[in-house]
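Working notes, structure below.
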């Protein structure tokens with residue numbers, strides 16, 4: 001990288017790339033081995049299914065310390081619009097491995113995904129806790145891998161609170177919104193979801209339930225147990241269905 | 001000093017803000033990249049913000065890649 005400093009003009013840079021391709025290749029090769037542990041990555045043709053990964057914490061109004069792995073909602077929202085608008089993209093797969101996070105950011109993501117016209121499928125991998133639950137159920141069809149878990153618990157607030165009764169009411173309403181969204185977008189009954197949310201004895205010294213893969217499906221929260229293959233089959237099935245409906249409407 | 005609190009460590013001891021200053025989102029070859037500025041003025045790619053799975057197969061956007 002030092003060589004770029006010595007030759008700052010653009011032409012020189014290009015020239016250098018032409019004259020010393022071996023050196024550049026060698027350094028990029030070393031870089032690649034350092035970062036990925038391998039030298040080449042597979043190439044593939046254009047895809048009609050895009051992938052959105054929501055990992056770590058869902059970051060909303062407050063920027064989290066740098067050591068946290070976060071998904072920033074301001075990055076995701078425009079991407080969802082781009083997917084909706086791009087005619088080449090026919091479907092979306094949402095990969096979830098989140099510990100939860102900002103409720104309003106999570107609800108915003110969920111509503112955006114739920115209101116998309118293109119077929120969407122989600123896979124819960126590892127964990128889809130707290131606000132990950134509404135995001136998981138917001139897609140047309142949701143999958144969970146057998147080892148993944150989802151923690152359902154009441155909404156929490158950390159930090160300073162000004163006006164305790166008002167904040168309490170506000171939080172309760174927010175919780176109601178989350179419950180309504182999950183009930184509205186999955187097959188779980190409201191009573192059952194609330195029961196899981198306020199259950200005692202499942203989590204150590206806390207209320208709530210940690211639902212594992214197959215149980216999430218049995219409760220009706222998630223549509224099916226499955227991984228990448230199942231999700232790709234489902235999204236293609238939904239794409240074909242959407243295409244059929246479209247041609248049917250034209251005729 | 002002994003602290004016994006449910007607060008996160010960062011709420012009591014604010015983390016070093018200089019690390020925030022180093023990190024930024026840039027547009028490079030029509031892709032949005034989350035990068036960290038290195039001491040020599042170059043940028044190291046931390047995260048590629050894209051929904052196209054093929055972008056993640058692109059050699060230029062592998063994590064850790066040094067740009068410019």
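Residue numbers (full-length UniProt numbering), protein chains in the order written: chain A, 1 to 251; chain B, 1 to 68.
For each residue, glycine too, the CB sits at the ideal point set by N, CA and C.
All of these numbers come straight from a predicted model, not from anything done at the bench.
Exposed unless 16 or more other CB atoms sit within 10 angstroms - verdict on residue i
i                     : result
residue 90 (chain A)  : buried
residue 148 (chain A) : buried
residue 196 (chain A) : buried
residue 51 (chain B)  : buried
residue 163 (chain A) : exposed
residue 211 (chain A) : buried
residue 115 (chain A) : exposed
residue 124 (chain A) : buried
residue 243 (chain A) : exposed
residue 214 (chain A) : exposed
residue 97 (chain A)  : buried
7 angstroms CB neighbourhood of residue i in its chain, flanking five on each side removed
i                     : result
residue 236 (chain A) : none
residue 51 (chain A)  : 93, 95
residue 117 (chain A) : 84
residue 171 (chain A) : 155, 157
Cutoff 8 angstroms: residue i Cβ touching any chain A Cβ
i                    : result
residue 62 (chain B) : yes
residue 39 (chain B) : no
residue 20 (chain B) : yes
residue 27 (chain B) : no
residue 66 (chain B) : yes
residue 5 (chain B)  : no
Spatial neighbours of residue i in its chain, beta-carbon cut-off 8 angstroms, leaving aside the 5 residues before and after
i                     : result
residue 182 (chain A) : 133, 134, 137, 188, 193, 221
residue 167 (chain A) : 157, 161
residue 47 (chain B)  : 33, 34, 63
residue 31 (chain B)  : 48, 49, 50, 55, 61
residue 65 (chain A)  : none
Those residues which DSSP pairs with residue i across a bridge
i                     : result
residue 48 (chain B)  : B:33
residue 80 (chain B)  : No answer is possible for residue 80 (chain B): the residues shown for chain B start at 1 and end at 68.
residue 31 (chain A)  : Partner(s): none; residue 31 (chain A) has no beta bridge.
residue 59 (chain A)  : A:72
residue 27 (chain B)  : B:32
residue 139 (chain A) : Answer is none; residue 139 (chain A) lacks a bridge partner.
8 angstroms Cβ cutoff, residue i in contact with chain D
i                    : result
residue 50 (chain A) : The structure shown contains no chain D; the protein chains it does contain are A and B.
Contact test: residue i Cβ vs the ligand ADP heavy atom, cutoff 7 angstroms
i                    : result
residue 21 (chain B) : No copy of the ligand ADP appears in this structure; indeed no ligand is present at all.
Residues near residue i by beta carbon distance below 6 angstroms, same chain, minus five either side
i                     : result
residue 209 (chain A) : 152, 196, 199, 202
residue 239 (chain A) : 90, 91, 119
residue 121 (chain A) : 93, 139, 141, 231, 234, 235
Chain B within 8 angstroms of residue i, Cβ atoms only
i                    : result
residue 87 (chain A) : no
residue 47 (chain A) : yes
residue 11 (chain A) : Here the model assigns residue 11 (chain A) a pLDDT of 47, short of 50, so the residue's position is not dependable, and the following value carries that caveat. Residue 11 (chain A) does not count as touching chain B.
residue 83 (chain A) : yes
Next item on the list: Enumerate, from N- to C-terminal direction, the unbroken alpha helix (DSSP H) stretches of 4 or more residues contained entirely within the region 172 to 247 of chain A.
Entry: Segments of the alpha helix (DSSP H) lying fully in the region 172 to 247 of chain A: 190 to 197, 213 to 218.
Checklist line | Sequence ranges, alpha helix (DSSP H) only - wholly within the region 71 to 156 of chain A, length at least 4 | finding: DSSP runs (the alpha helix (DSSP H)) wholly in the region 71 to 156 of chain A: 73 to 85, 103 to 114, 132 to 137.
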